[in-house]
């Protein structure tokens, strides 16, 4: 995950405001992949490319109005999240992200696996990859995890990617997804529990 100092980011934003093409290409290279993942999680594969293109157009038009209340990355992810939800509305699927998961706050806060602050009670399993067979098993498990992640409800998948893959703060995820803090925690917990069940089942049966 790339880190940027506040000075570097301020200089980059200044270049973007002045229409520096090199700066835009740099920002696209840094964030396009993650934006595409968020668009896919919310709007689906069919619309993701269009959503991200629309988001970049919006960034180009509105960078001068960026108030810097958040990081540039958070602002970009908020734009693509809003574009993805707008596409869902355009497709006559007017459902909020809170509703997409179909859960209420607190429903899946499983104390057996997670502490109140959202951290795991026990470390996740360490996989032995010293032998080819063990490596193959790890690859098969990764396939099960990836498949399960792709099947998660949009809100869960987006929240999980932002929190556990991109290490975004809960506060930033609330801003990006326009979801309450309570529901962000529920979405992340629910995704983690689903993935933990896949890991447990794989350990027991050797299959998804």
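Numbering (my numbering), first residue to last: 3 to 210. Here a beta-carbon is modelled for each residue, glycine too, at the ideal position from N, C-alpha and C.
CB contact flag (residue i, residue j, <9 Å)
i           : j           : result
residue 2   : residue 87  : There is simply no residue 2 to check, as the chain begins at 3 and stops at 210 in what is shown.
residue 38  : residue 51  : yes
residue 147 : residue 200 : yes
residue 190 : residue 165 : yes
residue 49  : residue 91  : no
Residue i versus residue j: straight-line alpha-carbon distance, rounded
i           : j           : result
residue 171 : residue 204 : 30 Å
residue 161 : residue 150 : 15 Å
residue 65  : residue 202 : 46 Å
residue 33  : residue 182 : 24 Å
residue 174 : residue 29  : 19 Å
residue 84  : residue 31  : 21 Å
residue 97  : residue 156 : Here residue 97 scores only 49 on pLDDT, less than 50, and its place in the model is too uncertain to base an answer on.
residue 197 : residue 186 : 17 Å
Residue environment, residue i, which counts as buried when at least 16 other CB atoms sit within 10 Å
i           : result
residue 158 : buried
residue 19  : exposed
residue 24  : exposed
residue 56  : buried
residue 82  : buried
Extent of the continuous alpha helix (DSSP H) to which residue i belongs
i          : result
residue 2  : Because residue 2 is not part of the residues shown, which for the chain are 3 to 210, the question remains open.
residue 56 : 47 to 64
residue 82 : 74 to 92
Supposed contact pair residue j and residue i - C-beta distance, whole angstroms, cut 8 Å
i           : j           : result
residue 193 : residue 154 : 6 Å
residue 54  : residue 43  : No, residue 54 and residue 43 are not in contact; Cβ-Cβ is about 12 Å, not under 8 Å.
residue 178 : residue 79  : 5 Å
The ligand ZN heavy atom lying under 8 Å from the CB of residue i
i          : result
residue 47 : With respect to the ligand ZN, the structure offers nothing, as it holds no ligand at all.
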